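A.B. asks:
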Amino acid sequence: MTDYGHDLLFGLFVTPSAQNAPRVLELAATADRAGLDLVTFQDHPYQPALLDTWTLLSYAAARTERVRLSGNVLSLPLRPPGVLARAAASLDILSAGRFELGIGAGAFWDGVAAMGGRRLTPSQGVDALREAIAVIRDLWDTDARGVVRHQGPHYPMTGAKRGPKPAHDIQVWVGAYKPRMLALTGAVGDGWLPTVEYLPDGVASLPGLNARIDEAATAAGRAPAAVRRLLNVMNVRFSPTSRGLLDGPPQQWVEQLADLALTHGVTAFLVGGDDHTIAERYAAEVAPAVRELVARERGR
Amino acid sequence: MAIELGIVLDLPAADGDPAALVDLARQAESAGLDLVALRGEAGAEQGLDPWTTAVWLAGRTTRIPIGIAPDLNSPDPGGPGPAYPSVVAKAQQSLEVLAGTRFVTPDAGWVVAPPDAGAEHIRRLADAGAPVVVPARSAEDVRRIAGLVAKENRPAGRSAAVRARRRAGIDYDGVPASLADVAIEPGDPAYRRVTSTYLRGGSPGLVLRPRTSDEVADAVAFARRHRQVPLGLRSGGHGISGRSTNDGGLVIDVGALNGIEVLDAAQRLVRIGPGATWKQVAAALDPYGWALGSGDYGGVGVGGLATAGGIGYLSRRYGLTIDRLRAVELVLADGSRVRTSKQDHADLFWAVRGAGANFGVATAFEFEVSEVRQVGWAQLVLVSTDLEQSLRRYGELTSAAPRDTTVFLVTGRPRQGRSVIQLYAMVDQEDPEVIIERLTPFTELGALAQQQVVRTSYKDVMALAADVGPDGHQGMGEPVSRSAFLPALTGDVARDVTRLLRSGLVYFFELRSMGGAIADTPADETAFAHRTPAFQVTAMGADQSRLNAAWDGLGQHFDGLYLSFDTDLRPQRLGDAFPPRVLSRLRELKRRYDPDNLFRDNFNIDPRLTEEHTR
Ligand SMILES: Cc1cc2nc3c(=O)[nH]c(=O)nc-3n(C[C@H](O)[C@H](O)[C@H](O)COP(=O)(O)OP(=O)(O)OC[C@H]3O[C@@H](n4cnc5c(N)ncnc54)[C@H](O)[C@@H]3O)c2cc1C
Chain A
0 MTDYGHDLLF GLFVTPSAQN APRVLELAAT ADRAGLDLVT FQDHPYQPAL
50 LDTWTLLSYA AARTERVRLS GNVLSLPLRP PGVLARAAAS LDILSAGRFE
100 LGIGAGAFWD GVAAMGGRRL TPSQGVDALR EAIAVIRDLW DTDARGVVRH
150 QGPHYPMTGA KRGPKPAHDI QVWVGAYKPR MLALTGAVGD GWLPTVEYLP
200 DGVASLPGLN ARIDEAATAA GRAPAAVRRL LNVMNVRFSP TSRGLLDGPP
250 QQWVEQLADL ALTHGVTAFL VGGDDHTIAE RYAAEVAPAV RELVARERGR
Chain B
0 MAIELGIVLD LPAADGDPAA LVDLARQAES AGLDLVALRG EAGAEQGLDP
50 WTTAVWLAGR TTRIPIGIAP DLNSPDPGGP GPAYPSVVAK AQQSLEVLAG
100 TRFVTPDAGW VVAPPDAGAE HIRRLADAGA PVVVPARSAE DVRRIAGLVA
150 KENRPAGRSA AVRARRRAGI DYDGVPASLA DVAIEPGDPA YRRVTSTYLR
200 GGSPGLVLRP RTSDEVADAV AFARRHRQVP LGLRSGGHGI SGRSTNDGGL
250 VIDVGALNGI EVLDAAQRLV RIGPGATWKQ VAAALDPYGW ALGSGDYGGV
300 GVGGLATAGG IGYLSRRYGL TIDRLRAVEL VLADGSRVRT SKQDHADLFW
350 AVRGAGANFG VATAFEFEVS EVRQVGWAQL VLVSTDLEQS LRRYGELTSA
400 APRDTTVFLV TGRPRQGRSV IQLYAMVDQE DPEVIIERLT PFTELGALAQ
450 QQVVRTSYKD VMALAADVGP DGHQGMGEPV SRSAFLPALT GDVARDVTRL
500 LRSGLVYFFE LRSMGGAIAD TPADETAFAH RTPAFQVTAM GADQSRLNAA
550 WDGLGQHFDG LYLSFDTDLR PQRLGDAFPP RVLSRLRELK RRYDPDNLFR
600 DNFNIDPRLT EEHTR
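Structure below.
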């Protein structure tokens, strides 16, 4: 049993489809209205059928009032950290503290290269991300004195102005699957954001991967609870009979999510489907019941 | 002169008040101003990110264009470098999708007036033609600025954001009045619906959409003044060889000329506009018990097909689509409107039936259509483990088939030694027994995996094509296709085609059986002169030069090509499409009717060249 004790977050994992842009914006509005906590978008800049995720995040934030937003996850290779840090802080300021930073080392290197980005090996990608997170946090840290300098090798800086300062302590959530990425997440991340469909054994992979993060956190002198565990579930459905994870009646969703929280320490659940009805039922029939159930169990 | 007036806001430092920024933008919008420009405060702290702020403002307002001063985008020297230009470009496109054309690119330019500028000062600054913006710090400022120029002196036309998308070399302000209300340019909301065709992506600089032949003449006159940019003609948007979209050029889209009218029921004489689709034509003729043989796909437009040939399911019975033509009305390069038929402008009537896209914009076609009642229609899917043998057998069966039976064969790359063969067949007979008798031999070309045989109408076969949705065509990139005529499907052809398909270079391969009534028309009667081939073949691939190399290697089997299915731009293709005597006659006519080579988007016969160039 692992429960890191975080409050629970319920949100959407939305495809930023250009062709269905009005629907994408409506989903964000629905989440806002229905009381979900988060709206998140994938980021694949090299995909012509998808919108630019940064622009979508900024626009959707402007058209909502209370829901928080994040990339899920932003593609570092095409989003240089200096630009990203300032854009992220700006969006956080404009939206009064509603932005969180989901970020990944990148994948689909052909696509990255086609957009003019550098092609990295997986291991270089991990190093670049570690460096980027440090750069981003330094640029946000306006209380420190002097300009920001970094050696590189990926993002050298000879003296960058600090700021702007985000409106709140933006959480850095890392999309990670492999050992070195998990170690990085444990050492410097504020959260771990994988997609269950990409885990080798689905939910059954969680204990092993969680343990790696815990270990890396401890080794870095942090409490494992410093790293929130989030989870994307892409394929979800409300159906009369139970068929699998988040594929069944609402009551089954409630039990499965509560179990993820209490057994595996997952406290943010981002569901796919790109569907209004799912979003509304998730907010109305599932989220409150999971909160209640988890609170009750935690109170024992 | 209309004056475009806006406000310029200082991008606040982090400790500034972002809510005030939104308030000012909203006030400018409700005061009817034309632009909110963002600029940096000199010597300020690291301020808000310009793009994020611009998008945020667009999201919190509904209409007003938003611009970013160019200097705001320069990265700070000790910092980590700029965003990737490709990502920046994509961001701008995305904002357009989300919010419409709201972002004013810096190259649009605007003039910043001093905060205390008066009306006279503003008028002087506006003389340069760019929008004028005045610094605003309060609602009071915005009100005062909006009052500087009377409402009636504000522009009613396209905003600065829209005009900033205009392409070089096009006289947008000179678009003829008759066309201006429906012309579409890159910044317009409707633009994304007109950029693509069925198989091709594009980004034309201006799409003109005439509704009458007089308006077509106006469009042609406008095009004559723009010889330096590409010109595409568009009817139904299913061009393959015909580049009916382009990058930065003009498109004359005659889709609105889509009337279908029976002129003389006794003679079955029908007048059809180029913008109609073959699906619409079939539906309109069906109640009379008539049909007009077109191609195999009802979505194709009349304009492109009826100027090139028209090889379809009824060609063996009634001839090519162009063989049913009795007259074609054209707008020529000099703007004159002519009616061509065997009696009038017989030379042009000859040329337009096969090489029409070189000679003018067809604005109406008159056809003598055929009486066609019910037909047999079959879609068969067969799996063959010996493609070479199946092709040979298909060749034998189609050659032996009567004129009422037309079978097209489609296949692709064999997988694990197995080829999936699709047959599309029409039998112009009403009796089910005859239909079955005609089709049965074809079911032996492989193991029958699926079959659907129905007695139906030509209209219903054409109706299988999907309608184009409200967002228009969605093609992307460029199609890669080669075409040829086959005098016969010999064993050698079957062998070499099988080898080609195994190479994986071709994902779509089609054999159309010809013969029958196509050969009844003498070769010199139309510019489409290849009357005797047994088949027309099409191969589509992903890479033009690799497909060319493979296709050229099969050249000894071919005798010419059907231009509509060929995207190769090498000059020799013109010689394949038109035999030498036909080509030299076409070139003479081209010199007479289009000496400046205005019409050039489809198998262009350049009047300045000679036949040497096509050998
Ligand atoms: C799915 C599909 C199926 C097809 N099936 C067949 C078939 O079975 N048989 C067959 O013969 N062809 C067939 N074709 C080819 C088709 O006939 C040509 O591509 C034709 O040009 C399409 O006409 P359009 O008006 O739809 O195209 P558009 O893209 O509008 O025009 C294509 C070109 O035609 C010329 N053109 C268009 N309008 C005019 C006009 N008013 N005056 C003068 N020139 C004009 C221009 O050169 C233009 O570039 C098919 C094409 C596709 C994509």
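Order-wise, the sequence lines are chains A and B.
The letter at position 173 of the first sequence is residue 172 when you use numbering that gives the first Met the number 0, and the numbering goes up by one with no holes.
The letter at position 528 of the second sequence is residue 527 when you use numbering that gives the first Met the number 0, and the numbering goes up by one with no holes.
By construction, the Cβ of each residue, glycine as well, lies at the ideal position given by its N, Cα and C atoms.
It should be emphasised that the depicted structure is a prediction, and the values quoted were computed from it without experimental measurement.
Taking only three categories from DSSP, how would you classify B:D595?
C.D. replies: B:D595: coil per DSSP, three-state reduction.
A.B. asks: Tell me the rounded alpha-carbon separation between B:I183 and B:D403.
C.D. replies: One C-alpha to the other measures close to 45 Å.
A.B. asks: Nearest to B:A354 by CA position, among B:L304, B:S93 and B:G471, is which residue?
C.D. replies: Taking only the C-alpha atoms, the option nearest B:A354 is B:L304.
A.B. asks: With 8 Å as the limit, tell me which residues of the segment 46 to 61 of chain B have their beta carbon closer than that to any beta carbon of chain A; keep them in chain order.
C.D. replies: Per Cβ criterion, the list reads G46, L47, D48, W50, T51, T52, V54, W55, L56, A57, G58 and R59.
A.B. asks: Between which two residues does the beta strand (DSSP E) harbouring A:M156 extend?
C.D. replies: Its beta strand (DSSP E) spans residues M156 to A159.
A.B. asks: So, for A:N209: in the same chain, excluding its five sequence neighbours on each side, which residues have a beta-carbon less than 7 Å away from its beta-carbon?
C.D. replies: For A:N209, where only same-chain residues beyond five positions count, the Cβ hits under 7 Å are T1, R228, H263 and G264.
A.B. asks: Below 8 Å on the Cβ atoms is my contact criterion, and I expect B:L37 with B:G66 to pass it. Report the Cβ-Cβ distance as a whole number of Å.
C.D. replies: At roughly 7 Å, the Cβ-Cβ gap stays under 8 Å, so B:L37 and B:G66 are in contact.
A.B. asks: When you compare only the Cα positions, how much space is there between B:M513 and B:T397?
C.D. replies: Distance between the alpha carbons of B:M513 and B:T397 is about 9 Å.
A.B. asks: Could you name the residues of chain C that B:A90 contacts, counting a contact when the two beta carbons are closer than 8 Å?
C.D. replies: Included in the structure are the protein chains A and B, with no chain C among them.
A.B. asks: With A:F268 as the anchor, note down where its beta strand (DSSP E) starts and where it stops.
C.D. replies: Looking at the DSSP string, the run of the beta strand (DSSP E) that includes A:F268 is V265 to V270.
A.B. asks: Going by the beta-carbon positions, is the gap between B:G201 and B:N245 smaller than 8 Å?
C.D. replies: Against a cut-off of 8 Å, the Cβ pair of B:N245 and B:G201 comes out as a contact.
A.B. asks: Using a threshold of 8 Å, state whether the C-beta atoms of A:Q18 and A:A59 are closer than that.
C.D. replies: It is not a contact, given that the beta carbons lie outside the stated cut-off.
A.B. asks: Buried or exposed: where does A:A113 fall if 16 or more other Cβ atoms within 10 Å of its Cβ makes it buried?
C.D. replies: So A:A113 ends up on the exposed side.
A.B. asks: Applying the 10 Å Cβ sphere with the 16-neighbour rule, what's the burial state of A:N234?
C.D. replies: That one is exposed.
A.B. asks: Identify every run of the alpha helix (DSSP H) within the segment 364 to 440 of chain B, keeping only runs that are complete inside it and at least 4 residues long; order them along the chain.
C.D. replies: Counting only runs of 4 or more, we get 386 to 399 and 431 to 438.
A.B. asks: Is B:S234 near ligand 1, with its Cβ less than 7 Å from a heavy atom?
C.D. replies: Yes, ligand 1 has a heavy atom inside 7 Å of this Cβ.
A.B. asks: With distance defined between alpha-carbon atoms, name the residue in B:A176, B:T537, B:Q449 and B:A125 nearest to B:P154.
C.D. replies: Answer by Cα proximity: B:A125.
A.B. asks: Can you find at least 3 beta carbon pairs, one from the segment 166 to 173 of chain A and one from the segment 99 to 106 of chain A, that sit closer than 8 Å?
C.D. replies: Enough Cβ pairs lie closer than 8 Å, so yes.
A.B. asks: So, at 7 Å on beta carbons, what are the nonlocal neighbours of B:P289 in its own chain, with the 5 sequence-adjacent residues on each side left out?
C.D. replies: In the sequence as displayed, the identity of residue 289 of chain B is Trp instead of Pro. R267, V368, S369, E370 and V371.
A.B. asks: Measuring alpha carbon to alpha carbon, tell me which of B:A116, B:A159, B:P134 and B:A135 ends up nearest B:G128.
C.D. replies: The residue with the shortest Cα to Cα distance from B:G128 is B:A159.
A.B. asks: Which chain B residues are close to A:L24, counting only those with a beta carbon under 8 Å from its beta carbon?
C.D. replies: Within chain B, the residues near A:L24 are L97.
A.B. asks: What residues from chain A crowd round B:G80, counting only those whose CB sits closer than 7 Å?
C.D. replies: Per Cβ cutoff of 7 Å: P79 and G81.
A.B. asks: Considering B:Q26, what are the terminal residues of the alpha helix (DSSP H) in which it resides?
C.D. replies: Start and end: P17 to S29.
A.B. asks: State the beta-bridge partners of B:T52 as determined by DSSP.
C.D. replies: According to DSSP, which records beta bridges pairwise, B:T52 is partnered with nothing at all.
A.B. asks: Could you tell me whether the Cβ of B:Y83 comes closer than 8 Å to any Cβ of chain A?
C.D. replies: So, interface residue.
A.B. asks: In three-state terms, what does DSSP make of A:R236?
C.D. replies: Looking at A:R236 - three-state DSSP - the assignment turns out to be strand.
A.B. asks: Taking three-plus beta-carbon pairs below 8 Å as touching, is the segment 416 to 429 of chain B in contact with the segment 529 to 549 of chain B?
C.D. replies: In short, these stretches do not touch, since the Cβ pair count stays below three.
A.B. asks: Rounded to whole angstroms, what is the Cα-Cα separation between B:L205 and B:I169?
C.D. replies: Looking at the two C-alpha atoms, the distance is approximately 8 Å.
A.B. asks: Counting C-beta neighbours from all protein chains within 10 Å, is the total for B:R569 16 or more, i.e. buried, or is it exposed?
C.D. replies: Looking at its Cβ environment, which holds fewer than 16 other Cβ atoms inside 10 Å, B:R569 is exposed.
A.B. asks: Hey, is A:A300 close to ligand 1, as in C-beta under 7 Å from one of its heavy atoms?
C.D. replies: Within the shown structure, residues of chain A are numbered from 0 to 299, placing residue 300 of chain A beyond reach of any answer.
A.B. asks: Going by C-alpha distance, which of B:H225, B:A220 and B:A179 is nearest B:R166?
C.D. replies: Nearest C-alpha to B:R166: B:H225.
A.B. asks: Using the C-alpha atoms, what's the distance from A:E279 back to A:G10?
C.D. replies: Whole-angstrom Cα-Cα distance: 11 Å.
A.B. asks: Under 7 Å between beta-carbons, which chain B residues line up against A:A20? List them in chain order, please.
C.D. replies: The answer, in chain order, is V96 and L97.
A.B. asks: Given B:D652, which residues of its chain have a CB within under 7 Å of its CB, disregarding the five upstream and five downstream residues?
C.D. replies: Past the edges of chain B, shown from 0 to 614, lies residue 652 of chain B, and the structure says nothing about it.
A.B. asks: Whose C-alpha, out of B:Y561, B:R584 and B:T566, is nearest the C-alpha of B:D575?
C.D. replies: The residue with the shortest Cα to Cα distance from B:D575 is B:Y561.
A.B. asks: Pairs of beta-carbons, one from the segment 64 to 76 of chain A and one from the segment 137 to 145 of chain A, closer than 8 Å: are there three or more?
C.D. replies: Verdict: no, contact absent.
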